[in-house]
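Chemist: In the numbering used here, the protein residues as written are 1 to 228.
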Amino acid sequence: MSSSVKPSLQIVSTKDGSQTILNTELDSTYHSRHGALTESQHVFIDKGLRKQIEKGVTSVTLLEMGLGTGLNALLTAIEANKLNIRINYHALELYPVPEGVWKAYGLPEELSENRDLYDAIQLAEWDKEVMINSDFSITKHNISILDFQPSVKFDLIYYDAFEPETQPELWTQEVFEKLFNWTNLNGVLTTYCCKGYVRRNMIGAGFEVEKVPGPPGKREMIIAQRPL
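Laid out in structure tokens, this is it:
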């Protein structure tokens, strides 16, 4: 997103009954209109976090590109508690969702009992590590990925930037080279996008790229791994 853009945001419903946020300046939503919850669960939890847990790890250092609604972070915190694993979550968001918008954001019925957890994630102080509970800490970085310099390396990256047509500068080989260097050996990047030039840029950066079935509305998505 260009620094000159001042987003105008509104909450909209998606096909699975969950909500997302529409940036009317960009005419782009934070999640798929085919189902916000379904997409987040499939792309980031099922094909990302759970794949790492299958390796037998008990802790994961994770980077999310685009905190957005906070749905991905919430699902991850729920999963950490369910699986009794430790998550050190970092999220990049140059334009945080205003309090009035996230407070109005309705969680789907199956997540409604986790509203206090969601609010705690949203209320966490920016640019500081905050312990949400014994399983989950979050550091929300109010910075562009282009300027970010992490102090840790990541086992898992949720790459959830706006689509390449909207934010082409975030899907270049140079960006993926940064991400490759920030990823631990055998670490994984997962994203909903599967465009040919995006795959080529990831491969050019050093990732091994696999196409797998995507969520509703997406025939395929990408799992990229930094090889051993």
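Think of the CB as a built atom: it goes at the ideal place given N, C-alpha and C, for glycine as much as any other residue.
Judging by CA-CA distance, which residue of Ile-222, Val-188 and Asp-116 is the nearest neighbour of Tyr-197?
Modeler: Residue numbering aside, residue 197 sits at position 197 when the sequence shown is read from its first letter. Of the candidates Ile-222, Val-188 and Asp-116, the one whose C-alpha sits nearest the C-alpha of Tyr-197 is Ile-222.
Chemist: Is it true that the CB of Thr-61 sits closer than 8 Å to the CB of Phe-154?
Modeler: In the sequence shown, the residue the question calls residue 154 occupies position 154. In the sequence shown, the residue the question calls residue 61 occupies position 61. Contact: yes.
Chemist: From Gly-48, Pro-213, Ile-78 and Val-57, pick the residue whose C-alpha is nearest to that of Phe-136; which is it?
Modeler: Translated into positions along the sequence shown, residue 136 becomes position 136. For Phe-136, the nearest C-alpha among the options comes from Ile-78.
Chemist: Going by Cα to Cα distance, which pick from Pro-150, Tyr-105 and Glu-110 is closest to Gln-122?
Modeler: Translated into positions along the sequence shown, residue 122 becomes position 122. The candidate whose alpha carbon is nearest that of Gln-122 is Tyr-105.
Chemist: Considering only the alpha carbon of each residue, which of Gly-17, Ala-205 and Gln-225 lies closest to Lys-211?
Modeler: The residue given as residue 211 occupies position 211 in the sequence shown. Checking every option, the nearest Cα to that of Lys-211 belongs to Gln-225.
Chemist: Pairs of beta-carbons, one from the stretch 114 to 134 and one from the stretch 65 to 75, closer than 8 Å: are there three or more?
Modeler: Flag = yes, the stretch 114 to 134 and the stretch 65 to 75 touch.
Chemist: Are the beta-carbon atoms belonging to Leu-189 and Phe-148 less than 8 Å from one another?
Modeler: Mapped onto the sequence shown, residue 189 falls at position 189. Mapped onto the sequence shown, residue 148 falls at position 148. Not in contact: Leu-189 and Phe-148 (Cβ atoms no closer than 8 Å).
Chemist: If distances are taken between C-alpha atoms only, which option among Asp-27, Ser-28 and Ser-32 comes closest to Thr-14?
Modeler: Taking the sequence shown and counting its residues from 1, the one referred to as residue 14 is at position 14. Among Asp-27, Ser-28 and Ser-32, the Cα nearest to that of Thr-14 is on Ser-32.
Chemist: Whole angstroms are fine: how far does the CA of Val-101 sit from the CA of Leu-146?
Modeler: Walking along the sequence shown from the start, residue 146 turns up at place 146. Walking along the sequence shown from the start, residue 101 turns up at place 101. One C-alpha to the other measures close to 26 Å.
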